[in-house]
Structure formats: structure tokens, C-alpha cells
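In the UniProt record's numbering, the protein residues as written are 1 to 215. By construction, the Cβ of each residue, glycine as well, lies at the ideal position given by its N, Cα and C atoms. Bear in mind that the values here come from a model prediction, so they are computed numbers and not experimental data.
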Amino acid sequence: MDKDKLQIYKARLINERNRIQRAIEGIMEHGQGFSQRDELEELSMIDNHSGDIGTEMYDKVRRFALLNNEESILEQINNALNRIESGKYGICELCGREISEERLNFLPYATTCIECEEKKADYNTYRYDRPVEEETLPPFGRAFRDYTEEDEYEVEYNMEDSWQDVAKYEKRRGIIRNFDDQDDEEFPDSDPEGEEGIVEFTDKISNQQYKNQLP
Numbered sequence: 001m002d003k004d005k006l007q008i009y010k011a012r013l014i015n016e017r018n019r020i021q022r023a024i025e026g027i028m029e030h031g032q033g034f035s036q037r038d039e040l041e042e043l044s045m046i047d048n049h050s051g052d053i054g055t056e057m058y059d060k061v062r063r064f065a066l067l068n069n070e071e072s073i074l075e076q077i078n079n080a081l082n083r084i085e086s087g088k089y090g091i092c093e094l095c096g097r098e099i100s101e102e103r104l105n106f107l108p109y110a111t112t113c114i115e116c117e118e119k120k121a122d123y124n125t126y127r128y129d130r131p132v133e134e135e136t137l138p139p140f141g142r143a144f145r146d147y148t149e150e151d152e153y154e155v156e157y158n159m160e161d162s163w164q165d166v167a168k169y170e171k172r173r174g175i176i177r178n179f180d181d182q183d184d185e186e187f188p189d190s191d192p193e194g195e196e197g198i199v200e201f202t203d204k205i206s207n208q209q210y211k212n213q214l215p
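Laid out in C-alpha cells, this is it:
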């Protein structure tokens, strides 16, 4: 690639880098750079209902995703600028052929040609974030307490037992599947008759005395 075209792509990459940096600064200034308690100006993040801050939590996670995406693009742009300086810009890192100008015009920080990029989706060796051991490990039986040489399965408290204990919470009749099959002692009725929807003791205080005073 001639020097004039390299300068054009370099200028585009620098402009895109500046735009990405401004976007990252904007995300950080709008709450991402603060703790959730400071952002919401709450004395405590402990509340009675987990749904009270559900929207705020969603916004926080969404900004995390946007921030990670911008930082990933920024890293690719910096790598492309380094390739320009080293004379490797526009060369596919997989096959070594030149990347078409049409692709570079659309994505100036591309590192592969369109043919190699299309083949990536068919690579069965890509495991992304998951360890290869998960191909043979069962859902339970990962820890040393779940399996012993003397016995195929450990009879003591194991990971499956811990999951069953955690799964007991927040159970309601009519909400979970096959609730009628569960033991009543293990899953007691959390809403006794006449107390449906009551969360705190103060919710049970009646205003009937006030109503009796009305004409």
C-alpha cells in the first residue's frame, strides 16, 4: 500500500480514536465512574425489595457493556496504528494476503481479509471463555467432595445439595413448577390467609379507626 493511502487511513483511525475516547469519557462522567451508592445518592443499597433498584442496576450493567465495547474498539484502533508504523497494515494476520480497500474503507482497523473472517465462524477450536475441562465434567461432580475413588458418588454434603438448599428460597405456590409435589414442611406457605401481599409488620396496621370517624 502506498504512503498516501496509509496517511488517509491513519487520519481516519486517529479521528475514530478521538471519537471513541470522547465516548468513554462521557460514559464515565454519567455515573460509570462512581459507585452505585454515590450515583444514586442513597445512604444504603440494602432495601426491602430487590426490584427497587432494578432499573438502576440495568442501566449500570448496560453502561458496562457499552464501555467494554468502546474499549475493545479503542484497542483495535491502537493496534492498527501500530501496524501502520511497522509496515504491516492492510495485511491479513491469518493468511498473509492483502486486505481489500473496500473492507478497509468500511472497517479501517480490520486485521483479516473477508475470506478469513467468514471462516472464523466455522472454527470448532474456538472455545471463547469456557475451559476445555467442561466438555467432560458433569454439571455436578466438579469438586473433590462430589466424587471419591471408594464410592462413585460422595454421600456427604456436595454441590448438588448446596444448590437444592439455595433453590428453596423465594418459592411461592403457583409460581414454581410442580410445587404440589414438594414437601409442605420444606416449603411452608409464605402468605397465610388474610396476609397476602404483606411484607412488613407495619403493613398490617389498619386504618379502620380513621374510617369510622368519617361522616
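Is Ile91 helix, strand or coil when you go by DSSP?
strand
Check the DSSP bridge columns for Glu98 and list the partner residues they point to.
Ile91
Cβ of Thr111 versus every heavy atom of the ligand FMN: is any distance shorter than 7 Å?
Among the components modelled here there is no ligand, and therefore nothing to report on the ligand FMN.
Three or more beta-carbon pairs under 8 Å between the stretch 89–108 and the stretch 5–13, yes or no?
yes
May I have the straight-line CA-CA distance separating Asp59 from Glu70, to the nearest angstrom?
16 Å
Endpoints, alpha helix (DSSP H) assigned at Thr55
Gly54 to Ser86
Measure the C-alpha to C-alpha separation of Thr202 and Arg62 and round it to an integer number of angstroms.
36 Å
Using CA atoms only, rank isn't needed, just tell me which of Gln209, Ile14 and Glu160 is closest to Ile73.
Ile14
CB-CB under 8 Å to Arg17, same chain, minus the five flanking residues each way: which ones, in chain order?
Leu74, Ile77, Asn78 and Leu81
Do you know offhand how far Gly26's Cα is from Glu118's?
34 Å
Which of the three DSSP states is assigned to Tyr109 in this structure?
coil
Does DSSP classify Leu214 as helix, strand or coil?
coil
Helix, strand or coil at Asp2 according to DSSP, with G and I counted as helix
coil
Could you tell me the distance, in whole angstroms, from the CA atom of Gln213 to the CA atom of Lys204?
20 Å
Please confirm whether Glu93 and Thr111 have their CB atoms less than 8 Å apart.
yes
For Glu113, is the classification buried or exposed, using 16 other Cβ atoms within 10 angstroms of its Cβ as the cut-off for buried?
Here residue 113 is Cys; the residue named in the question, Glu, does not match the sequence. It counts as buried.
So for Thr136, helix, strand or coil by DSSP?
coil
Supposed close pair Ile24, Leu67 - CB separation, criterion 8 Å:
7 Å
Sorted by chain position, which residues of the same chain lie with C-beta nearer than 7 Å to Leu6's C-beta, five sequence neighbours on each side aside?
Ile84 and Tyr89
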